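**Student:** Residue numbers (this note's numbering), protein chains in the order written: chain A, 216 to 289; chain B, 10 to 403.
Can you keep this structure in mind? I'll have questions shortly.
As structure tokens, then:
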């Protein structure tokens, strides 16, 4: 993997992090603590969806972690 | 020399991971305090793949399939800082492509597959420190008809800014074996396929009702990357094996945004994918979480659009044999007619109904859900899947 690709990715993530807004205090997090505010709140649901999509699309890792180790060839 | 080749796949991901750790902003699928809780989850799926009577996908290949999959997850909190989990997956598969290869293999070469369906086991350990740093280790083993996979990996995570910022990095390694059963039933020596996958993610709370997540997944695959029993069609009606490069480098960038609208919430996502086989994929996604009955009942409609360009090596039909019989020279290096590597658009729509209640199967609150998804591809290969899920805290 070219070094510049690594650097570009790291810079993007740094920018996202360092440009973060003022921290939201604990006492302001009531709505954020609700299960529907988690990106993957239901165990296994997003894993299973990612498996279906990555088996039938050329892309992988879309909205989910890396993964691998499966063929999905059928 | 040997040590060098053994360590080579680890160097880049470890360097990146170290950079994250040194910079003090590492996180993984970060085990928050809640994520260490004891839970039991079960999920089932019925998946149907419809090729329109042979017209969809690649018209020269039958691609219809039916899959029943069950997943069980058990996680036990060990103490304030540790949890261990075990996940088991089992599939029953009926697929035109490999049923045909299996039947021919039994008569032509007597070869049998690893497993008539598929199974996979995964063990995971999560640790979270007082300083909100998380560590994860996992190992997995699985088998499919012509595929065997051993995986392991680790992750780091860190919460910052009063948990407003979650950072994660994890690396996964898969040491897989492809059983070389060909479409004509012949059998060759098993081949390796190695995958190293690194994922980096940051989740940032923006306001008391909104947050954003950005992730980058980098994956390197080496070895036998073609599907052993796939074939391509020549213009003279003959078939040849699918042949693909023995290296694939894949990058995926995704951004997701979540916003609460009173008691409901909306989630939007966009993703960009590129690999060195020439595929560029883009995805857009929208989900709405509509709460009824004091939040006990949730309706989740979703829509996803996906589009990809074809791989450099894809053709529906090839002109002449790959190796010219007169000159013994290769006319092309690689060839595939796998429709998943072709160009297509895909529209996916789904609806999930979830109900949170206590007292049905356990005293603890449990979440039950049922969902249905339709995925329609522009190449007329369509998919439908029904899911049933249940999880409870123990």
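Cβ atoms here follow ideal geometry from the backbone N, Cα and C, with glycine treated the same way.
Keep in mind the model is a prediction, meaning the values are calculated, not measured.
#1: Are the CB atoms of residue 182 (chain B) and residue 160 (chain B) nearer to each other than 8 Å?
#2: Please state whether the Cβ-Cβ distance between residue 171 (chain B) and residue 241 (chain A) is less than 8 Å.
#3: Does DSSP classify residue 241 (chain A) as helix, strand or coil?
#4: Look at residue 8 (chain B) and residue 218 (chain B) and say whether their C-beta atoms are less than 8 Å apart.
#5: Between which residues of its own chain and residue 146 (chain B) is the CB-CB distance below 6 Å, once the five residues before and five after are set aside?
#6: Name the residues in the stretch 263-275 of chain A whose C-beta lies less than 7 Å from a C-beta of chain B; which are they?
#7: How far does the beta strand (DSSP E) with residue 211 (chain B) in it reach, from first residue to last?
#8: Examine the ligand PLP and report whether any of its heavy atoms sits within less than 7 Å of the Cβ of residue 362 (chain B).
#9: Does the separation of the CB atoms of residue 239 (chain B) and residue 307 (chain B) fall below 8 Å?
#10: Since residue 394 (chain B) meets chain A, which of its residues come closer than 7 Å, beta carbon to beta carbon?
#11: Are any of the Cβ atoms in chain A nearer than 8 Å to that of residue 317 (chain B)?
#12: Would you check if there are 3 or more beta carbon pairs closer than 8 Å linking the stretch 330-339 of chain B to the stretch 256-273 of chain A?
#13: Cβ closer than 8 Å: which chain A residues qualify as neighbours of residue 222 (chain B)?
#14: Output, in sequence order along the chain, the residues in the stretch 75-99 of chain B whose CB is closer than 7 Å to any CB in chain A.
#15: How about residue 392 (chain B) and residue 356 (chain B): do their beta carbons lie closer than 8 Å?
#16: Name the chain E residues that come within less than 9 Å of residue 59 (chain B), Cβ to Cβ?
#17: Please state whether DSSP places residue 118 (chain B) in a helix, a strand or coil.
#18: My output table needs one value for residue 43 (chain B): the three-state DSSP class, helix, strand or coil.
#19: Does the Cβ of residue 76 (chain B) have 16 or more other Cβ atoms within 10 Å, making it buried, or fewer, making it exposed?
#20: In this structure, does DSSP put residue 250 (chain A) in helix, strand or coil?
#21: Rounded to whole angstroms, what is the Cα-Cα separation between residue 368 (chain B) and residue 188 (chain B)?
#22: What first and last residue would you give for the beta strand (DSSP E) that runs through residue 161 (chain B)?
#23: Suppose you measure from the CA of residue 388 (chain B) to the CA of residue 59 (chain B); what does that come to, to the nearest Å?
**Tutor:** Concretely, from the data shown:
#1: Indexing the second chain from 1 puts residue 182 (chain B) at position 173. Indexing the second chain from 1 puts residue 160 (chain B) at position 151. Cβ atoms of residue 182 (chain B) and residue 160 (chain B): closer than 8 Å.
#2: On the second chain, position 162 is the one that residue 171 (chain B) refers to. On the first chain, position 26 is the one that residue 241 (chain A) refers to. It is a contact, given that the beta carbons lie within the stated cut-off.
#3: Counting from 1 along the first chain, the entry for residue 241 (chain A) is found at position 26. In this structure, residue 241 (chain A) counts as helix in the three-state DSSP scheme.
#4: Given a span of 10 to 403 for chain B in the structure shown, any question on residue 8 (chain B) remains unanswerable.
#5: As a working mapping, residue 146 (chain B) is identified with position 137 in the second chain. Excluding positions up to five away in sequence, the list reads 134 and 163.
#6: 263, 267, 271, 272, 273, 274 and 275
#7: As a first step, residue 211 (chain B) must be located in the second chain, where it is residue number 202. Residues 200-216.
#8: Questions concerning the ligand PLP fall outside what the structure shown contains, since it holds no ligand whatsoever.
#9: Working through the second chain from its first residue, we reach residue 239 (chain B) at position 230. Working through the second chain from its first residue, we reach residue 307 (chain B) at position 298. For residue 239 (chain B) and residue 307 (chain B), no; Cβs fall outside 8 Å.
#10: Within the second chain, the letter at position 385 stands for residue 394 (chain B). Under the 7 Å cutoff, chain A gives 267.
#11: Residue 317 (chain B) sits at position 308 when you count from the first residue of the second chain. Closer than 8 Å: yes.
#12: no
#13: By one-based count along the second chain, residue 222 (chain B) stands at place 213. Neighbours of residue 222 (chain B) on chain A, chain order: 254.
#14: 80 and 82
#15: For this step, residue 392 (chain B) is matched to residue 383 along the second chain. For this step, residue 356 (chain B) is matched to residue 347 along the second chain. Result no, Cβ atoms of residue 392 (chain B) and residue 356 (chain B) do not sit closer than 8 Å.
#16: No chain E appears in this structure, whose protein chains are A and B.
#17: Mapped onto the second chain, residue 118 (chain B) falls at position 109. Looking at residue 118 (chain B) - three-state DSSP - the assignment turns out to be coil, as it is neither helix nor strand.
#18: Numbered from 1 along the second chain, position 34 holds the residue referred to as residue 43 (chain B). Here residue 43 (chain B) sits in helix by DSSP.
#19: Locating residue 76 (chain B) in the second chain gives position 67, counting from the first residue. Classification of residue 76 (chain B): buried, given that the 10 Å Cβ count is 16 or more.
#20: Along the first chain, read from residue 1 onward, the residue named residue 250 (chain A) stands at position 35. It is helical.
#21: Translated into positions along the second chain, residue 368 (chain B) becomes position 359. Translated into positions along the second chain, residue 188 (chain B) becomes position 179. Answer to the nearest angstrom: the Cα atoms are 47 Å apart.
#22: Taking the first residue of the second chain as position 1, residue 161 (chain B) is located at position 152. Unbroken beta strand (DSSP E) run through residue 161 (chain B): 156-169.
#23: Residue 388 (chain B) sits at position 379 when you count from the first residue of the second chain. Residue 59 (chain B) sits at position 50 when you count from the first residue of the second chain. Their Cα atoms are separated by approximately 11 Å.
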